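Trainee: Protein sequences, first through last, are from chains A and B. The numbering used here applies: residue 118 is where the first sequence begins, and numbers increase by one. The numbering used here applies: residue 930 is where the second sequence begins, and numbers increase by one. Each residue gets a CB set at the ideal place from its N, CA and C atoms; glycine is no exception. Owing to the predicted nature of the structure, the values given are computational and were not obtained by experimental measurement. Let me give you the structure first, and then I'll get to my questions.
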Amino acid sequence: MSLIEIKNLFKTYESGEEKVCALVDVGVRIGRGEFISVMGPSGSGKSTLLTILGGLNHPTAGEVVVDDISIYQLPLERLADFRREYLGFIFQSFQLIPYLTVIENVMLPLSITERSNREQARMAGEILERTGLKGKERRLPDQLSGGEQERVAIARALVNAPPILLADEPTGNLDTRTGKEIMELFKSLNAEGQTIIMVTHNPENAVFSSRTISLRDGRVDGN
Amino acid sequence: MKLKDISINNLRRRKGKVFFLILGLTIGITTVISLISISRLMNEDIANKLDEYGANILVLPRSDDLSLSYGGMSIGGVSLDARTLNDSDIPKIREIEVRENINIVSPKFVGVVEIEGKKIPLMGVQFQEEGRLKKWWKIHGALPKNRDEALLGNEVAVRLFKSTNDHLTINGRKVRISGILEETGSQDDFLIYADLSFVQEALNKPKAVSLIEVSAYCNTCPIEEIVDQISKKLPHAKVTAIKQTLQTKMEALDHFKKFSIGISVIVLLIGALIVFTNMMASVNERKREIGIFRAIGFRKSHIMRIIFLEALIVGLIAGVTGYLLGLGISHFIGPMALGMKSVRWVIDPSLAIGAIFLSTLIGVLSSVYPALHASKMDPTEALRAL
Ligand SMILES: Nc1ncnc2c1ncn2[C@@H]1O[C@H](COP(=O)(O)OP(=O)(O)O)[C@@H](O)[C@H]1O
Ligand SMILES: [Mg+2]
């Protein structure tokens, strides 16, 4: 049984007169423990697919089922809870909170749980060690290099051990060497059983994944 | 980390803007507290000087044929019919609903006696009350303490060639002159004052009362209210308010209060507007940040809580500083404006709590729309990489 099932998914953006069909009849199944690359040219609907998977973007038609939950049938506040419990997000340009320190950024998803400050710090400390940021907990994001900021974003996405990690162009703003290090980190996370869905237009990154989904003009292009 | 830490950190980051936010609200609260404190000072000022103003309510018998003109000094033909006042009416005045506002009740009985061939008005009073009512009296000697003592008006003393400790005979009763009034320039100079019950007896009108002078002060109700309530207690009496300095002062206070309310409403509205625009700008600036929060799994209610917490903190700070500033301003400027000497510090906890409550209320209410707006922002739009 698959962890994620996307059925007949359509997404049309309407801005005034203009209609953009970002996704057209997309159907995908993703199993537990898979490492998926979503590839395709710019504007092909990769980010749209990822935000829909992430419970952030209501589809025009179709269904997204995660762990037997049809997520867009949930009430809005429950959908937020779903994101907290199931998903870790890594955005294209890190998207750290500038006025929070590294460890505070990582604790962000825990701040709305019942966990004590101490428990939160322990969890954040563990994942920061795992992502190679030990000793930098008290720094602010602008005191870090791009690769380090990316690692903070990864740590924040993983701190509450979500079943699914979603990443949109995680190496888009990194130099080749740092990008490669991040991919190695993804690969080792996946080796430990982490399900990862990664949007990328870099074929070098796709090599690390176990499967590639190609999009073209909003349609799945073979697989 | 808890939501409050996010709020606090964000406020710290925006120090400059938050300073203006707090300032805007503080000015409003300061104004309100200053105005309230100053009008309280005015009230207190009036209350402190209360004794200097004498009576402001006159209780007379209703009977029309009673030709008694106390102020104009033509006392005569005091006819005592069934509708006159008597001793039993005196305590009733202190039984009205707003009795705590009654300051002095001074009953009087007036008649004319012949002493050494001269006709002289005799007034029976309760010296304890009368002494308080006429704070301005200066006496050579002392106020009478016993029934067989009397106080002479300056003119009377001259006419009768009497001085302190001399004796007088009133209708066959011998009294000692305990004191003589210094000239007052009023009808008091022409009167002999003696104990009320003594005079009632000497004139053979037991329990009779010609008039009652009342000094009352109410800072929350108009004087007419007190007049009304006394009238109800004493239906056979004519109760009138005497317009005097106190009345004028209270009217001035009343105007000041109305003015204060107007000003307060305006500055508080401006404060609310400042909070609203500042919060709205802050929310729009943080669009992306809010998008991240939402993507991470924050509920709309979590976003709103962050905004409200910020408003609450700002409101609390503005409430405390506004109260302290208002207190300082009213302490130093109020007495100057009122021509009072320095006043003691009055820390009123209920006013302090009121200020803080008002400030947080305005802060939070003005942030309702910005908070709702923030919670409704589309996270995907905020997160779209450009
Ligand atoms: N919020 C939006 N409103 C209108 N059009 C959008 C919106 N988001 C994406 N699009 C359009 O949908 C198409 C797919 O966009 P996107 O999913 O971002 O593609 P990709 O990530 O593959 O570059 C593009 O044509 C884009 O302009
Ligand atoms: Mg994209």
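(1) Kindly provide the ranges of any beta strand (DSSP E) runs that are 3 or more residues long and lie completely inside the stretch 283-319 of chain A, ordered along the chain.
(2) Between A:THR168 and chain B, is there a C-beta pair that is closer than 7 Å?
(3) Can you tell me where the beta strand (DSSP E) holding A:VAL145 begins and where it ends?
(4) With a threshold of 8 Å, are at least 3 pairs of Cβ atoms found where one atom belongs to the stretch 1244-1254 of chain B and the other to the stretch 224-243 of chain A?
(5) If you drop the 5 nearest sequence neighbours on each side, which residues of the same chain put their C-beta closer than 6 Å to that of B:ILE1246?
(6) So the beta strand (DSSP E) B:ARG943 belongs to, where does it begin and stop?
(7) My output table needs one value for B:VAL1042: the three-state DSSP class, helix, strand or coil.
(8) Would B:GLY1053 pass as a contact of B:VAL1128 if the rule is Cβ separation under 7 Å?
(9) Note the first and the last residue of the continuous beta strand (DSSP E) segment covering A:SER132.
(10) Scan the stretch 202-222 of chain A for residues whose Cβ lies nearer than 7 Å to a Cβ of chain B and list them as they occur along the chain.
(11) For B:TYR1298, count neighbouring C-beta atoms within 10 Å of its own C-beta (all shown protein chains included) and say buried if the count is 16 or more, exposed if not.
(12) What residues from the stretch 228-239 of chain A come within 7 Å of chain B, judged by C-beta to C-beta, listed N to C?
(13) If you draw a straight line from the C-alpha of B:ILE965 to the C-alpha of B:LYS933, how long is it?
(14) Using C-beta distances below 6 Å, list every residue in its chain close to B:ILE1141, excluding the 5 sequence neighbours before and after it, in chain order.
(15) Roughly how many whole angstroms lie between the Cα atoms of B:LEU1287 and B:SER1230?
(16) Here's the rule: buried if 16 or more other CB atoms are within 10 angstroms of the residue's CB, otherwise exposed. What is A:GLY148?
(17) Any contact of the stretch 1184-1201 of chain B with the stretch 184-192 of chain A, i.e. 3+ C-beta pairs under 8 Å?
(18) At the level of alpha carbons, what is the spacing between B:SER1296 and B:ARG1228?
(19) Run through chain A and tell me which residues come within less than 7 Å of B:LEU1218, C-beta to C-beta.
(20) The alpha helix (DSSP H) spanning B:PRO1278 covers which residue range?
(21) Would A:ARG201 pass as a contact of B:GLY1226 if the rule is Cβ separation under 7 Å?
(22) So A:ILE283 and A:LEU204 are in contact, right, with Cβ under 8 Å, and what is the actual spacing, rounded?
(23) Less than 6 Å between the CB of A:THR165 and some heavy atom of ligand 1, yes or no?
(24) Verify the contact flag: A:VAL137, CB atom, against every heavy atom of ligand 1, threshold strictly below 6 Å.
(25) Would you give the residue range spanned by the beta strand (DSSP E) that B:THR1093 belongs to?
(26) Name the chain B residues that come within less than 8 Å of A:MET224, Cβ to Cβ?
(27) Is there a C-beta anywhere in chain A that falls below 7 Å from the one on B:THR1250?
(28) Where does the unbroken beta strand (DSSP E) through A:PHE152 begin, and where does it stop?
(29) Out of curiosity, what's the CA-to-CA distance linking B:ILE1099 and B:GLU1078?
(30) Between A:PRO158, A:LYS163, A:VAL141, A:GLN237, which lies nearest to A:GLU278 when the distance is taken from Cα to Cα?
(31) Mind checking which residues open and close the alpha helix (DSSP H) that includes A:SER228?
(32) What residues match up with B:ALA1318 in a beta bridge as DSSP calls it?
(33) Classify B:LYS1161 as helix, strand or coil using the three-state DSSP reduction.
(34) Are the CB atoms of A:CYS138 and A:GLY335 nearer to each other than 7 Å?
(35) Would you tell me roughly how many angstroms separate the C-alpha atoms of B:ARG942 and A:LEU257, rounded to the nearest one?
(36) What is the residue span of the alpha helix (DSSP H) that B:ILE1246 lies within?
Mentor: Reading off the structure:
(1) 312-316
(2) yes
(3) 135-147
(4) no
(5) ILE951
(6) B:ARG943 -> no beta strand (DSSP E), and no H or E assigned at all.
(7) The answer is strand: DSSP assigns B:VAL1042 an E or B state.
(8) yes
(9) From DSSP, the beta strand (DSSP E) with A:SER132 extends over 121-132.
(10) PHE206, PHE208, GLN209, SER210, GLN212, ILE214, TYR216, LEU217, GLU221
(11) With a threshold of 16 other beta carbon atoms within 10 Å, B:TYR1298 falls short and is exposed.
(12) SER228, ILE229, ASN234, GLN237
(13) 33 Å
(14) VAL988, PRO1036
(15) 24 Å
(16) exposed
(17) Short answer: they don't touch.
(18) Rounded to whole angstroms, B:SER1296 to B:ARG1228 spans 18 Å at the Cα level.
(19) Note on residue identity: the sequence assigns Glu, not Leu, to residue 1218 of chain B. Contacts between B:GLU1218 and chain A, judged by CB atoms closer than 7 Å, involve ILE214 in chain order.
(20) 1278-1295
(21) yes
(22) A quick correction: the sequence has Leu, not Ile, at residue 283 of chain A. Indeed they touch by this definition, with Cβ atoms about 6 Å apart.
(23) If you check the C-beta of A:THR165 against ligand 1, you find a heavy atom less than 6 Å away.
(24) yes
(25) Run containing B:THR1093: none; DSSP gives neither H nor E here.
(26) MET930
(27) no
(28) 152-156
(29) Answer to the nearest angstrom: the Cα atoms are 11 Å apart.
(30) The sequence given here has Ala at residue 278 of chain A, not Glu. Comparing Cα positions, the closest option is A:GLN237.
(31) That residue, A:SER228, is in no alpha helix (DSSP H); it is neither H nor E in DSSP.
(32) Shown here, chain B extends from 930 to 1315; a query on residue 1318 of chain B therefore has no answer.
(33) Looking at B:LYS1161 - three-state DSSP - the assignment turns out to be helix.
(34) yes
(35) When rounded, the distance between both Cα atoms is 12 Å.
(36) 1229-1267
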